[in-house]
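Visitor: Sending over a structure as C-alpha cells; questions will come in a sec.
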Amino acid sequence: MRWLSTLDAMEDELVSDSLVHRYDLAASPDGLRGSEGTFSLCSFLYVDALARSGRLGQARYAFDKMLTYANHAGLFAEEIGPTGEQLGNFPQAFTHLALITAALALDHEMDAVAS
Numbered sequence: 552m553r554w555l556s557t558l559d560a561m562e563d564e565l566v567s568d569s570l571v572h573r574y575d576l577a578a579s580p581d582g583l584r585g586s587e588g589t590f591s592l593c594s595f596l597y598v599d600a601l602a603r604s605g606r607l608g609q610a611r612y613a614f615d616k617m618l619t620y621a622n623h624a625g626l627f628a629e630e631i632g633p634t635g636e637q638l639g640n641f642p643q644a645f646t647h648l649a650l651i652t653a654a655l656a657l658d659h660e661m662d663a664v665a666s
C-alpha cells in the first residue's frame, strides 16, 4: 500500500504528540504573523488513516487525545493551540464530520480484529 509511506512522512514532518499540523510553517511560510495551532480536521483524518493502516493502538490514542480538546458541549474549533486552547473558527463543521469518519473507521477496524 503506497499511501503508508505518505502516512509515515506525515508522522515525521507534521505530527506532534498525535496532533497534526496542516503544513510545516518553517518549510512553507504563509506570510501571516504569528503561529498556527494543530489542525483538528487533519488530526481526525490522521486517526482514520492510522486505523485503516492497522495501527489501532496509535489510532485509539490519537482519537482519545483529540476528544479531550472538545469543549463542555462536545464541540471542536478549527485548531488546537500549544496549551490546548481552541483557536480559529468555532464550531467547525468539517472537524465534526472528520470526527465521525474517524470514529467509524476505528470501530470498523477494531471489530474486524475482534472477530
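Using the working numbering, you'd call the opening residue of the sequence shown number 552 and step up by one each time. We put the CB at the ideal spot given by N, CA and C, even for glycine. In this text the structure is predicted, and so the values were computed from the model without any measurement.
1) Near Pro642, what residues of its chain come up, given a Cβ to Cβ distance below 8 Å and the 5 sequence neighbours on each side ignored?
2) Taking only runs that begin and end inside the stretch 595-624, name each unbroken alpha helix (DSSP H) of 4 or more residues, in chain order.
3) If we ignore side chains and look at the alpha-carbon of each, how far apart do Met552 and Ala654 end up?
4) Near Glu564, what residues of its chain come up, given a Cβ to Cβ distance below 7 Å and the 5 sequence neighbours on each side ignored?
5) For Gly635, collect the residues of the same chain with a Cβ closer than 7 Å to its Cβ; drop the 5 residues on either side in sequence, then sort them by chain order.
6) According to DSSP, what are the bridge partners of Ser567?
Guide: Here's the rundown:
1) Leu626, Phe627, Ala628
2) 607-618
3) When rounded, the distance between both Cα atoms is 22 Å.
4) Asp575
5) Beyond the five residues adjoining it in sequence on each side, Gly635 comes within less than 7 Å, by CB distance, of Tyr620 in the same chain, given in chain order.
6) Ser567 is bridged by DSSP to Leu570.
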